[in-house]
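Trainee: Going down the list, the protein sequences come from chains A, B and C.
Heads up: the first sequence runs through residues 1 to 192, numbered per full-length UniProt numbering.
Heads up: the second sequence runs through residues 1 to 503, numbered per full-length UniProt numbering.
Heads up: the third sequence runs through residues 1 to 182, numbered per full-length UniProt numbering.
Built from N, CA and C at the ideal position, the CB exists for glycine as well.
Following this message is one structure expressed as structure tokens.
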Amino acid sequence: MKEILLLLLSTALVNNVVLIKFLGLCPVMGVSKSTDSALGMGMATTFVLTLASAASWMLDNWLLQPLGLGYLRILTFILVIASVVQFTEMFVRKRSPALYQSLGIYLPLITTNCAVLGVALLNVEQQFGLFKSLLYGFGSALGFTLVLLIFAGLRERIALAQVPAAFTGAPIAFITISLLALAFMGFSGLNV
Amino acid sequence: MRLTRLLKPFSGRDWGIHPDDHKRPAADAPLRVMPLPARLYLPVQQHLGGAARPTVVVGQKVRKGERIADAQGMVSAPIHAPTSGTVVAVTDITAPHPSGLSLPAIVIEADGDDVWGTLSPCPRPFELAPQTISERVYAAGIVGMGGAAFPAAVKLDGAARARVDTLVINGGECEPYLSCDDRQMRDFADEVVEGIRLMLRATGATSALVGIEDNKPEAIAAMRTAAAGHDCVRIRPVPARYPMGSEKQLVQVLTGVEVPAEGLPADIGVVVHNVGTARAVRAAVVEGKPLVSRLVTLNGNCMNAPGNVEVRLGTLAEDVIAFAGGLKGDGLGLARRVLGGPMMGLQVPHWRVPVVKGTSGILALDADEAAARQSHPCIRCGRCVQACPMGLLPLEMSARIRNDALTDAVDLGLKDCIACGCCAYVCPSRIPLVQYFVHAKGELSRQDRNRLRNEATKRLAQQRTDRLAREAREKAEAAARRRAEREAKAAAKTDTATAGESA
Amino acid sequence: MLAAVSSLALLGAALGLLLGAASRWLRVEGNPIVDELTDMMPGSNCGQCGFPGCGKAAEAIIDGTAPPTCCPPGGKPLAAAIAAKLGLTLDLTTVADEGPKVAVVAEELCIGCCRCSKVCPTDAIIGAAKQIHNVMRDACTGCSNCIEKCPTDALAMRPTPITLQHWVMPKPALHYRGMPCA
Chain A
1 MKEILLLLLS TALVNNVVLI KFLGLCPVMG VSKSTDSALG MGMATTFVLT
51 LASAASWMLD NWLLQPLGLG YLRILTFILV IASVVQFTEM FVRKRSPALY
101 QSLGIYLPLI TTNCAVLGVA LLNVEQQFGL FKSLLYGFGS ALGFTLVLLI
151 FAGLRERIAL AQVPAAFTGA PIAFITISLL ALAFMGFSGL NV
Chain B
1 MRLTRLLKPF SGRDWGIHPD DHKRPAADAP LRVMPLPARL YLPVQQHLGG
51 AARPTVVVGQ KVRKGERIAD AQGMVSAPIH APTSGTVVAV TDITAPHPSG
101 LSLPAIVIEA DGDDVWGTLS PCPRPFELAP QTISERVYAA GIVGMGGAAF
151 PAAVKLDGAA RARVDTLVIN GGECEPYLSC DDRQMRDFAD EVVEGIRLML
201 RATGATSALV GIEDNKPEAI AAMRTAAAGH DCVRIRPVPA RYPMGSEKQL
251 VQVLTGVEVP AEGLPADIGV VVHNVGTARA VRAAVVEGKP LVSRLVTLNG
301 NCMNAPGNVE VRLGTLAEDV IAFAGGLKGD GLGLARRVLG GPMMGLQVPH
351 WRVPVVKGTS GILALDADEA AARQSHPCIR CGRCVQACPM GLLPLEMSAR
401 IRNDALTDAV DLGLKDCIAC GCCAYVCPSR IPLVQYFVHA KGELSRQDRN
451 RLRNEATKRL AQQRTDRLAR EAREKAEAAA RRRAEREAKA AAKTDTATAG
501 ESA
Chain C
1 MLAAVSSLAL LGAALGLLLG AASRWLRVEG NPIVDELTDM MPGSNCGQCG
51 FPGCGKAAEA IIDGTAPPTC CPPGGKPLAA AIAAKLGLTL DLTTVADEGP
101 KVAVVAEELC IGCCRCSKVC PTDAIIGAAK QIHNVMRDAC TGCSNCIEKC
151 PTDALAMRPT PITLQHWVMP KPALHYRGMP CA
């Protein structure tokens, strides 16, 4: 139990995918204008990341490694991820048309979210078991959602503030997220 | 004991502000009665609600107190001729309104006789039925004299329906510079108390609490003397603090019960009227006189002789000023013209604006008093939050309104804002907070109007499509019928032909 | 080589089948957001946007072929509402919104030809043949369909006058000394 918690904590906070590993920055900058769409994006990514990390573990351990096809790893992983994303897209479109509209191009772009492929590849590299891979994927996704939500909340506040003209838009967003990254660096000193 | 009860509802929260009240020496100067001006300009809209509809024609002779415009709609009030004379025009005049737009006004040229028309006085007013009292108040065109100008009879009826038990009389007069209510209570305390007792009868309330700020000791003394012997009218001094005269604050201080958000005092069994309204009610019920004049405070550093003046409704502000001694240096150094109080009054572009039922003051402010304000970005000091008497977050609301997120501002309680101006007064960045809130409220009601209009348009468009479809169908049916008739006729012809042949 | 090709082919086929089944299960009939958007539009089908009716305009806005600002009767408030609905960012300062307008008949020019009343989407124009027509101000949406139909140029669009009841306090202008702020 303690190990599970530790793994979740370390993936979500200490080794946060966005702010420590700098993976998946594209949706963090793109879908963080409002907390609602940030939450939707976070949940979609969580679903994809968790499922994709489990599926890619199974592919790697049951198909690629026995057949010695390690060089096909990236190709097959992308194939699996794309399918999961496609499924998610259909699901979101059916269940929440407004969210589908507001996520727009960023929903299919989860396919190329480097956090998803990155986590799958890191799983292989660290030679986790199936359950740990699942947890690793889920923890990373939690961290991703957390950062996305916090950042969207900050940006909503910044939208209300009177920012000097030279800093409006992207510049103040970059300054904000860099300060957020500094804050997350503090977790590396966490004594568990 | 009384003091702790007064402070209890607000313990721990220091709302409102303590501006320099500038009330004296104007409040101490004896009341002057302004003689009749040559012309009176009576706007058809002097109250909240529907505009009145003129019932006189140009050239018609009117007598003092004669009705010249009828109330229109549920919330409205009639208008009466303030003197005898001739209606010379119905023309547009600059409205006492911040927009500076104009509105139609009935212009009466005084004949100098100033004779009342037939009045119907009532020697024993306390034997009248409550309904009759409010009918007389309605017919007299009385509106709230504190400034909001809500028709008084509508409020009396509403209070009777809501079965209120307490009548709160607002003698707070918390706006700086103004002293007309103070003067009213000092000089006409007996009439005010009689009016209060009549209103008690009209509303069915059992007791009246008269809240008077403790910076008016003379008024408190006069009212205490007048109310002695009437147990139902109790005089309650309240601490001087702006906006003590706002009805929700006064009700909370006097009764200890808070008016619910987006609610009315009637929700907690209270109704609030102004002292000036009380006196006007007495005049209407006892003497049968409609509302044709009011007390107006003239004040401000640019005014030669500050004081209170009894003015006929419809008198132009420039005539009042000329009577009361004019402006210092003929208006040199005048920075702002205000009708009403400096906090919630209306800034007007010039003095050719008539005194209406809700005009409590005419202020000529110099540059020091007007303090032209250059605003700066918000520094989040939170002083506006502390000052807000309604417990709102002015800085958060204004930031949302600046970004056009009006619904977010409504979620923060925009609709409870009373536009008292405390937040803007204390703001060190001098942000025009009240203007943001007034703008947002106007914008929201415009959006509501547009929505209703859109729905009506949709209905009309649908009706048109239905009509076109119906017409097309009827045309087709008529054509089919004609064809059938033609065929039947042709068939009949061939039938007879064949019958003839066979015969 | 054979193993690689066949395993990838198998994998692709399996995932394709799964997705195919999912797309049947999760089929979306029409586009529900189109209906929501159509409800927000003025609904007079006046055609000023260049589309035949509000429903088609809503579809075009969702497809991205028309901007949310394409509806003149809706003006700025509608554009803002649509943008909020679709999660678009919109620069409303570029929207030309001259305020509401209504058609007005010049009585001395009207010949009573009835051509204008036939095209009015809300039946706001009243009048019979050889009678002077009039526009009911409350029903006119300001679509200006009738203007070009008039043979004598008797119809003109006039801004609706601002009255005390309709006046809205302007938003405070931002003027700061020193650093310009957005």
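Residues of the region 156–168 of chain A in Cβ contact with chain B at a cutoff of 8 Å, in chain order, please.
Mentor: Per Cβ criterion, the list reads Ala159, Leu160, Ala161, Gln162.
Trainee: Which partner residues of Arg158 (chain C) appear in the DSSP bridge assignment?
Mentor: Answer is C:Val102.
Trainee: By alpha-carbon positions, which one of C:Ile82, C:Gly16, C:Lys56 ends up nearest to Val84 (chain A)?
Mentor: Per the Cα distances, C:Gly16.
Trainee: Determine, using beta carbons only, whether Val281 (chain B) and Met199 (chain B) come nearer to each other than 7 Å.
Mentor: Going by C-beta atoms, Val281 (chain B) is nearer than 7 Å to Met199 (chain B).
Trainee: State the CB to CB distance for the pair Arg236 (chain B) and Val210 (chain B), rounded to an integer number of angstroms; the pair is presumed to be in contact (CB under 8 Å).
Mentor: That pair is a contact at about 6 Å.
Trainee: Give me the Cα-Cα distance between Glu213 (chain B) and Arg241 (chain B), rounded to the nearest whole angstrom.
Mentor: Cα to Cα, Glu213 (chain B) sits roughly 8 Å from Arg241 (chain B).
Trainee: For Arg336 (chain B), count neighbouring Cβ atoms within 10 angstroms of its own Cβ and tell me buried if that reaches 16, exposed if not.
Mentor: It is buried - the Cβ of Arg336 (chain B) has at least 16 other Cβ atoms within 10 Å.
Trainee: For Arg63 (chain B), which residues of its own chain have a beta-carbon under 8 Å away from its beta-carbon, when the five flanking residues on both sides are left out?
Mentor: Closer than 8 Å at Cβ, skipping near neighbours: Ala81, Ser84, Val115, Trp116, Gly117.
Trainee: In chain order, what residues of the same chain lie with their CB nearer than 6 Å to the CB of Ile196 (chain B), ignoring the 5 residues before and after it?
Mentor: Around Ile196 (chain B): Ile169, Ala208, Val233, Ala278.
Trainee: May I ask you to check if the CB of His376 (chain B) is nearer than 6 Å to at least one heavy atom of the ligand FAD?
Mentor: Ligands displayed in this structure: none; no statement on the ligand FAD is therefore possible.
Trainee: Quick check: is the beta carbon of Lys216 (chain B) nearer than 7 Å to any beta carbon in chain C?
Mentor: No, Lys216 (chain B) lies away from the interface with chain C (no Cβ there is under 7 Å from its Cβ).
Trainee: Please confirm whether Pro97 (chain A) has its beta-carbon closer than 7 Å to some beta-carbon of chain C.
Mentor: Yes, Pro97 (chain A) counts as interfacial toward chain C.
Trainee: DSSP puts Gly307 (chain B) in a beta bridge; with which residues?
Mentor: Gly307 (chain B) pairs with B:Leu298.
Trainee: Return the CA-CA distance between Phe174 (chain A) and Thr168 (chain A), expressed in angstroms with no decimal places.
Mentor: Roughly 11 Å between the two C-alpha positions.
Trainee: At 9 Å on the CB atoms, spell out the chain A contacts of Ala4 (chain C), in chain order.
Mentor: Within chain A, the residues near Ala4 (chain C) are Leu67, Leu69, Tyr71, Leu72.
Trainee: Spatial neighbours of Val426 (chain B) within its chain, please: C-beta separation below 7 Å, excluding the five flanking residues on both sides.
Mentor: The answer, listed in chain order, is Ile17, Arg383, Cys384, Ala387.
Trainee: CB Ala124 (chain C) to CB Cys140 (chain C), shorter than 7 Å?
Mentor: Their beta carbons are under 7 Å apart, which means Ala124 (chain C) touches Cys140 (chain C) by this criterion.
Trainee: As a quick exercise: from C:Ala103, C:Cys120, C:Gln131, pick the residue whose alpha carbon is nearest that of Cys110 (chain C).
Mentor: It is C:Gln131 whose Cα lies nearest to the Cα of Cys110 (chain C).
Trainee: Would you decide whether Thr18 (chain C) is buried or exposed? Buried here means 16 or more other CB atoms lie within 10 Å of its CB.
Mentor: Reading the sequence as shown, one finds Leu at residue 18 (chain C) and not Thr. Its Cβ having fewer than 16 others within 10 Å, Leu18 (chain C) is exposed.
Trainee: Tell me which same chain residues have a C-beta within less than 6 Å of the C-beta of Cys70 (chain C), skipping the five on either side of it?
Mentor: Cys49.
Trainee: May I ask you to report which of helix, strand or coil DSSP gives Ser96 (chain A)?
Mentor: In this structure, Ser96 (chain A) counts as coil in the three-state DSSP scheme.
Trainee: When you compare the CB of Ala399 (chain B) with every CB in chain A, is at least one pair closer than 7 Å?
Mentor: Ala399 (chain B) counts as touching chain A.
Trainee: Pick helix, strand or coil for His47 (chain B), following the three-state DSSP scheme.
Mentor: His47 (chain B): coil per DSSP, three-state reduction.
Trainee: Exposed or buried, which one is Asp319 (chain B) when buried takes at least 16 other CB atoms within 10 Å?
Mentor: The residue in question, Asp319 (chain B), is buried, as its Cβ has 16 or more Cβ neighbours within 10 Å.
Trainee: Could you confirm whether any beta carbon from chain A is found closer than 7 Å to the beta carbon of Pro32 (chain C)?
Mentor: Answer yes: the Cβ-Cβ gap between Pro32 (chain C) and chain A drops below 7 Å somewhere.
Trainee: Could you check the C-alpha separation between Gly144 (chain B) and Gln46 (chain B) for me, to the nearest Å?
Mentor: Looking at the two C-alpha atoms, the distance is approximately 11 Å.
Trainee: Listing by chain order, which chain A residues have their CB less than 9 Å from the CB of Gly55 (chain C)?
Mentor: Here the premise fails: no neighbours, minimum Cβ distance about 16 Å.
Trainee: Hey, quick one: how far does the alpha helix (DSSP H) through Ala80 (chain C) stretch, first residue to last?
Mentor: It spans 75–86 - the alpha helix (DSSP H) in which Ala80 (chain C) sits, taken as one unbroken run.
Trainee: Does the beta-carbon of Ala3 (chain C) have 16 or more other beta-carbons within 10 angstroms, so that it is buried, or is it exposed?
Mentor: Exposed: under 16 other Cβ atoms inside 10 Å.
Trainee: What residues in the UniProt domain "4Fe-4S ferredoxin-type" (406–437) of chain B have a beta carbon less than 7 Å from any beta carbon of chain C?
Mentor: From the UniProt domain "4Fe-4S ferredoxin-type" (406–437) of chain B, only Pro432, Gln435, Tyr436 have a Cβ closer than 7 Å to chain C.
Trainee: How would you write the range of the beta strand (DSSP E) that Ser246 (chain B) sits in, first residue to last?
Mentor: Element bounds for Ser246 (chain B): n/a, residue is neither H nor E.
Trainee: At which residues does the alpha helix (DSSP H) containing Asn123 (chain A) begin and terminate?
Mentor: Start and end: 114–126.
Trainee: Taking 7 Å as the CB-CB limit, is Pro394 (chain B) close to chain A?
Mentor: Pro394 (chain B) does not count as touching chain A.
Trainee: Can you pull out the residues from the region 153–171 of chain C whose beta carbon lies closer than 9 Å to at least one beta carbon of chain B?
Mentor: Those would be Ile162, Thr163, Leu164, Gln165, His166, Trp167, Val168, Met169, Pro170, Lys171, in chain order.
Trainee: Name the chain C residues that come within less than 8 Å of Phe47 (chain A), Cβ to Cβ?
Mentor: Correct list: empty, because the minimum Cβ distance to chain C is about 14 Å.
Trainee: Buried or exposed, going by whether 16 or more other CB atoms sit within 10 Å of the CB of Tyr41 (chain B)?
Mentor: Classification for Tyr41 (chain B): buried.
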